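In my numbering, the protein residues as written are 560 to 1098. Let me begin by presenting the structure, written as structure tokens, before commenting on it.
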Amino acid sequence: MPPPLQAHRMLLSHRRISPAPRRRFTTAVSSLSSAPAKTVVAPGPAPSSILSIRESLLSGERTAADITSEYLSRLRRTEPSLRSFIHVADAAAEREAEELDRRIASGGKDAVGPLAGVLVGIKDNLCTADMPSTGGSRILDGFQPAYDATAVRRLREAGAIVVGKTNLDEFGMGSTTEGSGFQVTTNPWDDSRVPGGSSGGSASAVSARQCVVSLGSDTGGSVRQPASFCGVVGLKPTYGRVSRFGLMAYASSLDVVGCFGSSVFDTATMLSVIAGHDKMDSTSSSNDVPDYRSDLVSLNLLESKPLNNVRIGIIQETLGEGVDTGVISSIKAAASHLEQLGSVVEEVSLPSFSLGLPAYYILASSEASSNLSRYDGIRYGKQVPADELNELYGDSRANGLGHEVKMRILMGTYALSAGYYDAYYKRAQQVRTLVKKSFEEALKKYDVLISPAAPSAAYKIGEKTNDPLAMYAGDIMTVNVNLAGLPALVVPCGFVEGGSAGLPVGLQMIGSPFSEGNLLRIGHIFEQTLQDLSFVPPP
């Protein structure tokens, strides 16, 4: 068998893409590395933390208590600066680890689940029965549900240890995690920068190895953009692939439970556990759930051209004006690498791509204005005493909800009002149909579409706080995927200048409905053959 391809990661010179709808992707390559030299550490494929933990437990090399202690020690050491978690259940995690060790010692190795001993962080808009679930909002401060979200329950049944609840923009409304009602999370690569959002806490925690894997939610890119900013793998499944039961609703037709890992294999393992039909969620799909790990081949077994006959379309609208040149260089380098692995990469135009962002914000805000009406101080949320019912409603919401949430509720209520419904909400739904058809046509010709996960790397905390339109524009790469209900995977692909060790950039891979297995296979091959880069942040 020929040796696996050892492709170099190189910086490609920036140039504007021609407007041709389709052409073969070719580009000149310079000899400069896309990552600053000081970021090059321990090259090689990303190891699977889940596999490593499982092997060490079953061989007796390590105990679950030792592994848990190691992660908790790192969490305690880094949490004062990162602030990834709203709630840490360290004592409960230690008890669960000790119980797992007792089961293994008594001969229960065969009954050990696929996530045994794996510490998981849970985004705080997913319900957990044994710890608070706030949605990142002061209106739910101290609220503890009576049940686990389906995704959380399935993780526990697979042996996972829930270490705590991660920070987020309030109710998932934001792109930086600065919108949390409790604290601002920082980026492990540079603590003066944002980790992305709204699942910034989950991405930051995995990047800093505070936990092994984590759950997030993705309404318009809230898993994929933080994955890019923090240099981890992020997966947004097909709408309906994972049950939304127990996920605090933001925009019900767009919300998806997703996952983070430090490797594609770990992300695939997570999806294999949490995916599947759920009678508690009528929108969950009854499609069979494959073992997403089964097609992930290790580096030493790969052919020299493992992506032969794979057709990949690079969305040309994502490499134009408004996208940082460093990000464009990293994405072009990734496309070149995919070509060297045997795939055919061509540019493809999606004319409706730019229409998705305004349509998304109209639809998401409209659904939010309805979904968040439950937080009124009576059904849910902290109650502010008042003499009149309307005063109670108003004061409870005014005191409990943050600025961004209030603004989106007002936007949505306006778009749904009688005089503006046709002009805004109805038209946005029509645009959504156009976006979906545009993707359908492109995915008939290509196995996968690729783009940046964000138009820039992580930016400074506070940089866009006073400019919400600039922050919203950062979602341009991701919102169309939610409008079309498609799966997408983000894998780290390079670096741009910034911080003390460079800032990571993520490559977004988009597939047809329920093609997560194919995305994970391609992402795993890409990750395994990526040379000379390490996506572990500096101490």
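Beta carbons are placed, not taken as given, at the ideal position from N, Cα and C, and that holds for glycine. Please read these numbers as outputs of a predicted model, since none were measured by experiment.
Legend entry - Beta bridge counterpart(s) of ASP749 as assigned by DSSP: Locating residue 749 in the sequence shown gives position 190, where the first residue counts as 1. Its beta-bridge partners are ASN746.
Legend entry - Straight-line gap, GLY672 to GLU716 (C-alpha atoms, nearest Å): On the sequence shown, residue 672 is found 113 positions in, with the first residue counted as 1. On the sequence shown, residue 716 is found 157 positions in, with the first residue counted as 1. When rounded, the distance between both Cα atoms is 7 Å.
Legend entry - Residue(s) in a DSSP beta bridge with THR725: Working through the sequence shown from its first residue, we reach residue 725 at position 166. PHE644 and LYS682.
Inset, instruction - Please classify ARG803: does DSSP put it in a helix, a strand, or coil? - result: For this step, residue 803 is matched to residue 244 along the sequence shown. Looking at ARG803 - three-state DSSP - the assignment turns out to be coil, as it is neither helix nor strand.
Inset, instruction - Leaving aside the five residues before and after PRO602 along the sequence, list all residues of the same chain whose C-beta is less than 8 Å from its C-beta, in chain order. - result: Taking the sequence shown and counting its residues from 1, one reaches residue 602 at position 43. Low confidence applies to PRO602: its pLDDT is 40, below 50, so where it sits in the model is not reliable enough to give any reading.
Inset, instruction - Rounded to whole angstroms, what's the CA-CA distance from TYR919 to SER955? Just pull it up for me. - result: As a first step, residue 919 must be located in the sequence shown, where it is residue number 360. As a first step, residue 955 must be located in the sequence shown, where it is residue number 396. Rounded to whole angstroms, TYR919 to SER955 spans 28 Å at the Cα level.
Inset, instruction - May I have the straight-line CA-CA distance separating VAL765 from GLU629, to the nearest angstrom? - result: Numbered from 1 along the sequence shown, position 206 holds the residue referred to as residue 765. Numbered from 1 along the sequence shown, position 70 holds the residue referred to as residue 629. Whole-angstrom Cα-Cα distance: 14 Å.
Inset, instruction - Indicate the three-state DSSP secondary structure (helix, strand or coil) for LEU1045 in the structure shown. - result: For the purposes of this step, residue 1045 is taken as the residue at position 486 of the sequence shown. Of the three classes helix, strand and coil, the one that applies to LEU1045 here is coil, per DSSP.
Inset, instruction - Give the DSSP-derived three-state secondary structure of MET569 in the structure shown. - result: Reading the sequence shown from its first residue, position 10 is the one you call residue 569. Caution is warranted here: a pLDDT of 28 is assigned to MET569, below 50, making its placement in the model unreliable, and no coordinate value can be reported.
Legend entry - Cβ neighbour criterion (16 or more within 10 Å) applied to TYR983: The residue given as residue 983 occupies position 424 in the sequence shown. By the neighbour-count definition (other C-beta atoms within 10 Å, threshold 16), TYR983 is a buried residue.
Inset, instruction - Quick one: residues in its chain with C-beta nearer than 7 Å to the C-beta of GLY701, no 5 flanking neighbours on either side, listed in chain order? - result: As a first step, residue 701 is located in the sequence shown; it is residue number 142 there, counting from the start. Excluding sequence neighbours, GLY701 sits near PRO691.
Inset, instruction - Could you tell me which residues DSSP pairs with PRO785 in its beta bridges? - result: The residue given as residue 785 occupies position 226 in the sequence shown. Answer by DSSP bridge pairing: none, since PRO785 is not bridged.
Inset, instruction - Please go through the same chain and pick out, in chain order, the residues whose beta-carbon is closer than 8 Å to the beta-carbon of ALA594, but skip the five residues on each side of it. - result: Locating residue 594 in the sequence shown gives position 35, where the first residue counts as 1. For ALA594, the predicted model reports a pLDDT of 40, less than 50, meaning its position is unreliable and no value from the coordinates is stated.
Legend entry - Extent of the continuous beta strand (DSSP E) run through PRO1011: Translated into the one-based positions of the sequence shown, residue 1011 becomes position 452. Per DSSP, PRO1011 belongs to the beta strand (DSSP E) from 1007-1011.
Inset, instruction - Identify whether MET966 lies in helix, strand or coil by the three-state DSSP scheme. - result: On the sequence shown, position 407 is the one that residue 966 refers to. In this structure, MET966 counts as helix in the three-state DSSP scheme.
Legend entry - Sufficient close CB pairs (3 or more, under 8 Å) joining the stretch 721-728 to the stretch 757-774: Cβ pair count under 8 Å is three or more, so yes.
Inset, instruction - Would you identify the three-state DSSP class for VAL588, choosing helix, strand or coil? - result: One-based indexing of the sequence shown puts residue 588 at position 29. Residue placement at VAL588 cannot be trusted, given a pLDDT of 36 that sits under 50; the coordinates are not used to answer.
Legend entry - Three or more C-beta pairs below 8 Å linking the stretch 623-638 and the stretch 776-795: no
Legend entry - Where the alpha helix (DSSP H) through GLN899 begins and ends: By 1-based counting over the sequence shown, the position of residue 899 is 340. First-last of the alpha helix (DSSP H) with GLN899: 884-899.
Inset, instruction - With a threshold of 16 other CB atoms inside 10 Å of the CB of SER997, please say whether the residue is buried or exposed. - result: The count along the sequence shown starts at 1 and reaches residue 997 at position 438. It is buried - the Cβ of SER997 has at least 16 other Cβ atoms within 10 Å.
Inset, instruction - Report all residues from its chain with a CB closer than 6 Å to the CB of GLN942; omit the five preceding and five following residues, and keep chain order. - result: For the purposes of this step, residue 942 is taken as residue 383 along the sequence shown, with counting starting at 1. Answer for GLN942: GLY936 and SER955, listed in chain order.
Inset, instruction - Output the boundary residues of the beta strand (DSSP E) element that contains ARG654. - result: On the sequence shown, position 95 is the one that residue 654 refers to. Run containing ARG654: none in the beta strand (DSSP E); it sits in the alpha helix (DSSP H), 649-664.
Inset, instruction - Note down the Cα distance separating PRO1063 from SER1015, rounded to an integer number of angstroms. - result: For the purposes of this step, residue 1063 is identified with residue 504 of the sequence shown, where counting begins at 1. For the purposes of this step, residue 1015 is identified with residue 456 of the sequence shown, where counting begins at 1. The straight-line gap from Cα to Cα measures roughly 10 Å.
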